[in-house]
Amino acid sequence: MKIRNIDLYLVRMELVSPFETSFGVETHRETVIVRIEEENGEVGWGESPIMEGPWYSYETSQTAWHILKDFISPELVGSEIEGPEELWKGIGKRVRGHNIAKAGIDKALWDLKAKLEGKSLSKMLGGVRDRILSGISIGIKKNVDELLRTIEKRLEEGYMRIKLKIKPGWDVEVLKRVRKEYPDIPLQVDANAAYTLDDYLSLKKLDQFDLLMIEQPLHEDDLADHSQLARKISTPICLDESIKSIHDVKAAYLLGSCEIINLKPSRVGGITKGLEIHDLCLSLGLPIWIGGMLETGIGRGFLVAMASLPGVRFPNDISASSRYFKEDIVEPEWRLKPDGTMSVPRDPGIGIEVKEDMLEKVAVRRERVG
C-alpha cells in the first residue's frame, strides 16, 4: 500500500465524571487521532491515547504531536509499504521511545491493512472470541459511601469485574468496607506505582481480601523490588507501567516480578509490539488481560480486537463509550451487554465508522502531512 497522506487531530473531550488515580484527577481526555489514507482512497484510523502532562508516562500530547508530525509521518507519506510491521524496520526503529506516539500510526496501518484485505482486525490478529469479557476501573472517590454507590451502579450495568484504584491511606480500610458489602465479586486493585517496598506490611494486609491481583504496586522501573514483594505477599502481582517492551516481559518473568501482565497496546507501541508480547506470554504460560487508557471509540476498537486473542485470561478494562463520554466519535458506540460482554466486530478493520463531523468539533488542532 502506498501512503497518500496522514492527518493528525489533537482532540479534547470532556469526561462524564472526574477520574482520580494516585497521580491525579482527570476531568477531560486529550488524545491524538491519526488518519492514514492510501493511494486508492481507503482510510485507516488510529489513536495515541495520551495525557497533557507526563503523569502516566514521560510522553504528553505535545510530544506525541511533535514526534508524529515532524518525524514519523513525513517518513511514511509517499512510501510503499507491505504492512505495519515495516514501520518497525524503519522510522519506528530509529525513533527511540515515544511508544504511545508510535502506537497511533501502527494502529492506523493495521486498520488500513485489514480493510484492504476485507478482514476484521480480530480475525487478522488471530482472535478466537466473538465476545470479550469487560471489567471496569473505578477511581478514588471522596469517601467510601460514594465508592460503594459507584460499585453498585457498575455491577447493575453488568461489568464482570471491579478494579479499584488505591494509594497509601486509601487501601486497607476501604477494602474492608467493600468486601463487607460485596464479599464475592471478582475484585482487584491498582496502585499506579504509589507504594515502595517499605510499605510491604500494608500491602500484605491486602491478602485478606481475596483479590484477583494487585496491579503495579511499586515503581515502574523497579522489577527487582517487585520480585522481592512477590515473595512477601500472596496476592498475585500484575505489572502495567513496568511493561514497555518485550524485553521487560522477559526480565519480569526471569526475576519472578509478576504473575500476570496488563497489556496496554499503546504503552508498548501499538498492535505489532502488543502481538509480540501476547505470543511470548502465551508460550510462557503467563496470563494477560487488555488494559485501557481512556481511549475514544477509535482506540477502543483495537482493545476489543486484542482482547479476542487466546492468551487473554482475565476480564479486560474495556468499558462502554458512555462510561467516559457523553458522545463518542464513532458509530456504533461501544456498548456493554447485560452479561458483561462486548461483541467483537466482524466488519473489516476495527469494525466501526468514525463520525468525522463530531471529530472536527472536538479537535483543537489539525494538520495534514502530505
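According to my numbering, the sequence shown is numbered sequentially starting from 23.
Idealized CB from N, CA, C, for every residue including glycine.
Keep in mind that this is a model prediction, so the values were computed, not measured.
(1) For arginine 335, which beta-bridge partners are listed by DSSP?
(2) Should glycine 114 and aspartate 92 be called a contact, given that it needs their Cβ atoms to be closer than 9 Å?
(3) Could you name the residues that DSSP lists as bridge partners for tryptophan 192?
(4) Which residues in the same chain as glycine 462 place their Cβ atom closer than 6 Å to its Cβ, once the five residues preceding and following it in sequence are excluded?
(5) Jot down the residue ranges of each uninterrupted alpha helix (DSSP H) in the stretch 250-315, minimum 4 residues, whole runs only, in chain order.
(6) Among Asp152, Tyr78, Ile94, whose alpha-carbon lies nearest the alpha-carbon of glycine 46?
(7) Would you kindly report the start and end of the unbroken beta strand (DSSP E) that includes tryptophan 132?
(8) Could you give the C-beta distance for alanine 246 and glycine 278, rounded to a whole number, given that I count them as a contact under 8 Å?
(9) How is phenylalanine 324 classed by DSSP in three states: helix, strand or coil?
(10) Output needed for aspartate 229: all residues of its chain with C-beta closer than 8 Å, excluding positions within five of it in sequence on either side, in chain order.
(11) Just verifying my parser: in three-state terms, what is the DSSP assignment at tyrosine 222?
(12) Can the beta-carbon of isoleucine 72 be found closer than 9 Å to that of alanine 130?
(13) On a CA-only basis, which of Lys286, Leu331, Ala327, Gly314 is nearest leucine 304? Give me that one, please.
(14) Pop quiz: threonine 363 and tryptophan 110 are said to be a contact at Cβ under 8 Å. What is the actual Cβ separation, rounded to whole angstroms?
(15) Taking the continuous beta strand (DSSP E) assigned at glycine 68, which residues delimit it?
(16) Do the stretch 231-242 and the stretch 201-210 meet, that is, are 3 or more Cβ pairs less than 8 Å apart?
(17) Output the boundary residues of the alpha helix (DSSP H) element that contains glutamate 179.
(18) How long is the line joining the alpha carbons of glutamate 107 and lysine 164, rounded to whole angstroms?
(19) What did DSSP end up calling arginine 390 once you bin it into helix, strand or coil?
(20) Quick one, are the C-beta atoms of histidine 269 and isoleucine 259 less than 9 Å apart?
(21) Alpha carbon to alpha carbon, how far is isoleucine 58 from aspartate 133? Give it in angstroms, no decimals.
(22) Taking valine 65 as the reference, which of Asp262, Gly333, Leu358, Gly373 has the closest Cα?
(23) Taking a contact to mean a Cβ-Cβ separation below 9 Å, would you say threonine 318 touches aspartate 350 in this structure?
(24) Is asparagine 284 near isoleucine 312, with beta carbons less than 9 Å apart?
Taking the coordinates as given:
(1) As computed with DSSP, arginine 335 is found in no beta bridge at all.
(2) Between glycine 114 and aspartate 92, the CB-CB gap reaches or exceeds 9 Å.
(3) Lys189
(4) Since the first residue of the chain shown is 23 and the last is 392, residue 462 is not available in this structure.
(5) The stretch 250-315 contains these whole alpha helix (DSSP H) runs: 268-277, 287-290, 293-306.
(6) Tyr78
(7) Taken as a continuous stretch (DSSP letters only), tryptophan 132 belongs to no beta strand (DSSP E), being part of the alpha helix (DSSP H) at 121-138.
(8) No, alanine 246 and glycine 278 are not in contact; Cβ-Cβ is about 10 Å, not under 8 Å.
(9) Three-state DSSP puts phenylalanine 324 in a helix.
(10) Ile255, Ser256, Thr257
(11) helix
(12) no
(13) Leu331
(14) Not confirmed; about 32 Å, so no contact.
(15) It spans 65-71 - the beta strand (DSSP E) in which glycine 68 sits, taken as one unbroken run.
(16) yes
(17) From DSSP, the alpha helix (DSSP H) with glutamate 179 extends over 166-179.
(18) 45 Å
(19) strand
(20) The answer is no: Cβ separation not under 9 Å.
(21) 9 Å
(22) Gly373
(23) yes
(24) yes
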